[in-house]
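Engineer: Counted the way the UniProt record's numbering counts, the first sequence spans residues 1 to 289. No residue lacks a Cβ here, since even glycine has one placed at the ideal position from N, Cα and C. The structure under discussion is supplied below as structure tokens; questions concerning it will follow.
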Amino acid sequence: MVRQASGVMSIPATVSFDNQLPASWMAHYNCADVSMVTSGYTSRLWSQDHHPQNWTKYQVWEWLQQTLDMHQIDATSIPFQNFDLDGRQLCNMSFQDFTRSAGSVGAILFQSLTDLKWNGQYGQTDMVIPGDIKTEIDADFPCSILPFKEEPSFYSPSELFDIKSSFQPNVTLASPAPSSPDPKRSQVKRHNPRGTHLWEFIRDILLNPERNPGLIKWEDRSEGVFRFLKSEAVAQLWGKKKNNSSMTYEKLSRAMRYYYKREILERVDGRRLVYKFGRNARGWRESEK
DNA sequence: AGGCCTTTTCCTGGTT
DNA sequence: CAACCAGGAAAAGGCC
């Protein structure tokens, strides 16, 4: 049987980088309003009225992640702890500081920051994404589509609600960063970026109510119970993300059922299209203190 | 190269 | 009957 290529990306289930983030980042992350972070955050991050100079450490971290994602650079290839800085400190770094802190990737980071400082927008120089949706795509799909699609515009603007996972630290980075900038480790590593797991994709739709066109809704926000309103539409969107035009709710739901065993989801009996986040699902609570 | 992991695909059978 | 739900089985791909 010939099966369709799907361009699947996956992340080891066991990855966690909670212990790699500087304490200050985690503190910020824990205190952050998740809905703010996932919806308007990225656009605010790039906007003129939020100059890099004024970034918090957490925003620096966000920028770092998104820039790496844009360039398909493995996040583990740079020592994140060298960027435990706020925006002011970051803006004071010279080109040499960047290369010292991140090897060859430092040049890319320097370029990104320079663009943001002077243009208020990144990607003026080398991005191939056309038009007005560029920034939005970059921000919203930091690690999903660029690597496989030459033309990310296959996402129509209406589909550009945030499907992003970058705000969730425990899935985006895979392994401990090296303690010092090793030139070999710091080389640009062109491999497939971390994809988003299905449950994260679902979660991120839920966390963007204002931009989620009635696909999934919370049934019980505090308990993590949610319901699919447009099951096939969600499946189609998931399929698009995976470059798989034959995705259906039937198949998506099979993948969802595999999460029961791993306690990422809990079964909700007797209610059609209803699921509940389990103890191993992260990042969906309003406050995760 | 091979094993692990997360889906994807298909299927049988049951339920709403 | 259509749309779901439950899982088994096998395989696709990606990653290490």
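Looking at Trp199: is its Cβ nearer than 8 Å to the Cβ of Ala281?
Structural biologist: The count along the first sequence starts at 1 and reaches residue 199 at position 199. The count along the first sequence starts at 1 and reaches residue 281 at position 281. Yes, the pair counts as a contact, with Cβ atoms nearer than the cut-off.
Engineer: Which value, in whole angstroms, describes the spacing of the CA atoms of Trp238 and Arg271?
Structural biologist: To locate residue 238, count along the first sequence from 1; it is residue 238. To locate residue 271, count along the first sequence from 1; it is residue 271. Computed Cα separation, rounded: 22 Å.
Engineer: What's the C-alpha gap between Val234 and Gln66?
Structural biologist: On the first sequence, residue 234 is found 234 positions in, with the first residue counted as 1. On the first sequence, residue 66 is found 66 positions in, with the first residue counted as 1. Each residue's Cα considered, the two are about 25 Å apart.
Engineer: Determine whether the beta carbon atoms of Phe226 and Leu206 lie at a separation below 8 Å.
Structural biologist: As a first step, residue 226 must be located in the first sequence, where it is residue number 226. As a first step, residue 206 must be located in the first sequence, where it is residue number 206. The criterion of a C-beta distance shorter than 8 Å is satisfied by Phe226 and Leu206.
Engineer: Spatial neighbours of Tyr275 within its chain, please: CB distance less than 7 Å, with the 5 preceding and 5 following residues excluded, ordered by chain position.
Structural biologist: Counting from 1 along the first sequence, the entry for residue 275 is found at position 275. Contacts found: Phe226, Met256, Leu265 and Val268.
Engineer: So Asp97 and Lys57 are in contact, right, with Cβ under 8 Å, and what is the actual spacing, rounded?
Structural biologist: Translated into positions along the first sequence, residue 97 becomes position 97. Translated into positions along the first sequence, residue 57 becomes position 57. At roughly 17 Å, the Cβ-Cβ gap does not stay under 8 Å, so Asp97 and Lys57 are not in contact.
Engineer: Identify whether Arg271 lies in helix, strand or coil by the three-state DSSP scheme.
Structural biologist: Sequence index remark: in the first sequence, residue 271 carries index 271 (1-based). Correct three-state label for Arg271: coil.
Engineer: For a quick check, are the C-beta atoms of Ile78 and Val60 less than 8 Å apart?
Structural biologist: Looking up residue 78 in the first sequence gives position 78. Looking up residue 60 in the first sequence gives position 60. Cβ atoms of Ile78 and Val60: not closer than 8 Å.
Engineer: From the DSSP output, in three-state form, read off Glu219 for me.
Structural biologist: Working through the first sequence from its first residue, we reach residue 219 at position 219. The answer is strand: DSSP assigns Glu219 an E or B state.
Engineer: Helix, strand or coil for Leu116 per DSSP?
Structural biologist: Indexing the first sequence from 1 puts residue 116 at position 116. Three-state DSSP puts Leu116 in a helix.
Engineer: Between the C-alpha atoms of Asp220 and Phe80, what's the straight-line distance to the nearest angstrom?
Structural biologist: Position 220 of the first sequence holds residue 220. Position 80 of the first sequence holds residue 80. Cα to Cα, Asp220 sits roughly 36 Å from Phe80.
Engineer: Within 10 angstroms of the Cβ of Pro213, are there 16 or more other Cβ atoms? Answer buried if so, exposed if not.
Structural biologist: As a working mapping, residue 213 is identified with position 213 in the first sequence. Counting C-beta atoms within 10 angstroms of its own C-beta, Pro213 has fewer than 16 neighbours from the protein chains shown and is therefore classed as exposed.
Engineer: Taking the beta carbon of Asn92 as the centre, do at least 16 other beta carbons fall within 10 Å, making it buried, or is it exposed?
Structural biologist: Residue mapping note: residue 92 aligns to position 92 of the first sequence, counting from 1. Under this definition Asn92 is an exposed residue.
Engineer: Can you tell me where the beta strand (DSSP E) holding Arg282 begins and where it ends?
Structural biologist: Here residue 282 corresponds to residue number 282 of the first sequence, with the count starting at 1. Neither: Arg282 is in no beta strand (DSSP E) and is coded neither H nor E.
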